[in-house]
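In our numbering, the protein residues as written are 28 to 136.
Each remark here refers to the structure printed beneath this line.
Shown next as structure tokens:
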């Protein structure tokens, strides 16, 4: 009977849900697809949703916890760090916020 419980728990752990809200106006849909592909390489059982959202957004939520917000940082996340967090969560860890970000290419003069 312990094997059944372990199997059930393993299946629950593996079902990691990732939601990425992106700005359509900013043309971040492509970024969402690239990040989704990178996540799937490392965590093939993750369920990933790319959805159009608020202007300027690129918000990454893992199992209902916000781990990265472009609205707060003004930069896209470091994809490797997002992939690492999702992989850790798929193994049973709690989602954690990430700090890594891509360079900001916008210069306002």
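Even glycine gets a Cβ: it sits at the ideal position worked out from N, Cα and C.
The structure displayed is predicted, hence computed values, not measured ones.
Check	Outcome
Residues bridged to residue 74 (per DSSP)	44
Counterpart residues of residue 79 in DSSP-defined beta bridges	49
Residue 45 Cβ short of 8 Å to the ligand FMN heavy atom set	You won't find the ligand FMN in this model; it holds no ligand whatsoever.
Whole-Å CB distance - residue 86 paired with residue 96, under 8 Å assumed	5 Å
Run of the beta strand (DSSP E) containing residue 95, from where it starts to where it stops	92-96
Continuous beta strand (DSSP E) stretch holding residue 65: start and end	From DSSP, residue 65 is part of no beta strand (DSSP E) but of the alpha helix (DSSP H) over 56-69.
Range covered by the alpha helix (DSSP H) that runs through residue 111	106-117
Distance between residue 47 and residue 102 (C-alpha atoms, nearest Å)	14 Å
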